[in-house]
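**Q** Numbering (the working numbering), first residue to last: 10 to 87.
1. Report the residue from 49, 14 and 24 whose alpha carbon sits nearest the alpha carbon of residue 74.
2. Thinking C-beta only, is residue 36 closer than 9 Å to residue 50?
3. Write down the C-beta distance between residue 40 and residue 32 rounded to the nearest angstrom, noting that I regard them as a contact closer than 8 Å.
4. Can you tell me whether residue 81 is helix, strand or coil according to DSSP?
5. Just to confirm before moving on: does the CB-CB distance between residue 29 and residue 76 stay below 9 Å?
What follows is the structure in structure tokens.
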């Protein structure tokens, strides 16, 4: 994905992975929690898939974080 937002999309995916691992979840668990295939979670985490807002909200709910946690420099567990 080569566009002007590539770095942000990659950082977003890295943050999803970081939080998912902190929550001791595998991609399959997260996918099932939000109604998405494991392969789609992988694409998100690897910066290969742009994520719609409603998917971000579902990810935040499944990972038990605030939506803003995806965009802060440091994840602070609650």
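C-beta: ideal position from N, C-alpha, C; glycine also.
**A** Reading from the atomic positions:
1. Position 65 of the chain shown, counted from the first residue, corresponds to residue 74. The candidate whose alpha carbon is nearest that of residue 74 is 24.
2. Your numbering for residue 50 matches position 41 in the chain shown. Your numbering for residue 36 matches position 27 in the chain shown. For residue 50 and residue 36, yes; Cβs fall inside 9 Å.
3. Here the question's residue 40 lines up with position 31 in the chain shown. Here the question's residue 32 lines up with position 23 in the chain shown. Their Cβ separation, rounded to whole angstroms, is 14 Å, which puts residue 40 and residue 32 out of contact at 8 Å.
4. In the chain shown, counting from the first residue as 1, residue 81 sits at position 72. Coil, per DSSP.
5. For the purposes of this step, residue 29 is taken as residue 20 along the chain shown, with counting starting at 1. For the purposes of this step, residue 76 is taken as residue 67 along the chain shown, with counting starting at 1. In this structure, residue 76 does not lie closer than 9 Å to residue 29 by Cβ.
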